[in-house]
Structure formats: C-alpha cells, structure tokens
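Residue numbers (the numbering used here): 526 to 676. The beta carbon of each residue, even a glycine, is placed where N, CA and C say it ideally should be. Notes follow the structure.
This is the structure in structure tokens:
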C-alpha cells in the first residue's frame, strides 16, 4: 500500500435523512479518500442505484439527490428506503453504514383532545390525539385552556 493512499469516513454518524417531499434532498456520500475515491450509492439490498429522471440522480461527485415530488409520485422503493455509499481507490474499498432515507409530506393536520367524562371532584385524564401520519414528527409541548397555558 502506498503511504499516500487512504480511505476514510467524513461523517460515519449519518444514519437517517428525513426530507420534505416539496423540497427534496441532497445527501453527500459520507466517505472519501486520497487519491480521490470513486463514490457509488446502493440500496441496502446491494442493488445499484440508477438514475430516474427528475426523481433520483447520483452526481459525479458522489452526491445522491432526490428531487421534490408530488404525493402521487411517491415510490417507497425510492422515497422510503435504506441506502449506503461506497468509496474505492487504490487503498481499497469502504462501505458506509445503512442510511435510512424517508420522505414526508407537508399536509394540514389537527391535534385534538379525546373527550372525557368525570364526576365533579374526581380526576379526569385527557389524551392528546395526534394523527398517525405525523406522530413521529410532532410532540406535545404544552396544554392550554382558552389560549392560556395550564401545563
């Protein structure tokens, strides 16, 4: 091995990328090398990534780009999948950990309080109902009654 050759991870902590379908995302390969490494993207299954015009593109610099798309163009194979990147040069080849790539849709939603009944003087437990489509991205930060914070 030549003393001047190496392969390394630029960001080996990259494990998940969540992006808005209205914006798209650019994901640099988290690996590099000296001399310059050839960077390639794959699905976690090991299948090569191929360009899909106006949907997915791998740039010459090894950056994976997923373009903005409408809800009707959602494809879980592309927009909700695990990817990994490899870097290869004369020093060898390294593989990044799997990176979970997931698109989310910006859509209106309503959070509501589950109806409860209780006798005066007894305890009532209220539950905040968040639509399942956004539960992963929304958290309850306060409770209000008539726009006055109570918790």
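In the three-state reduction of the DSSP assignment, residue 662 falls in the helix class, which pools H, G and I. In the structure shown, the three-state DSSP call for residue 643 is coil. When secondary structure is reduced to three states using DSSP, residue 675 falls in the coil class, being assigned neither helix nor strand.
In the three-state DSSP reduction, residue 630 falls in the coil class, being neither helix nor strand.
Secondary structure of residue 615 (DSSP, three-state): coil. In terms of Cβ geometry, residue 539 and residue 560 do not form a close pair [threshold 8 Å].
Taken through DSSP and simplified to helix, strand or coil, residue 624 comes out as strand. In the DSSP assignment, residue 604 falls within the unbroken alpha helix (DSSP H) covering 601-604. Taking each of 547, 648 and 626 in turn and checking the Cα distance to residue 606, the smallest one comes out for 626. The beta carbons of residue 589 and residue 544 sit no closer together than 8 Å. For the pair residue 580 and residue 603, the CB atoms are nearer than the 8 Å cut-off. In the DSSP assignment, the residues bridged to residue 567 are 573 and 609. Residue 531 places its beta carbon 8 Å or farther from that of residue 549.
The Cβ atoms of residue 667 and residue 674 lie closer than 8 Å to each other. In this structure, DSSP gives residue 598 a helical state, which the three-state scheme calls helix.
CA-CA distance, residue 640 to residue 623, rounds to 43 Å.
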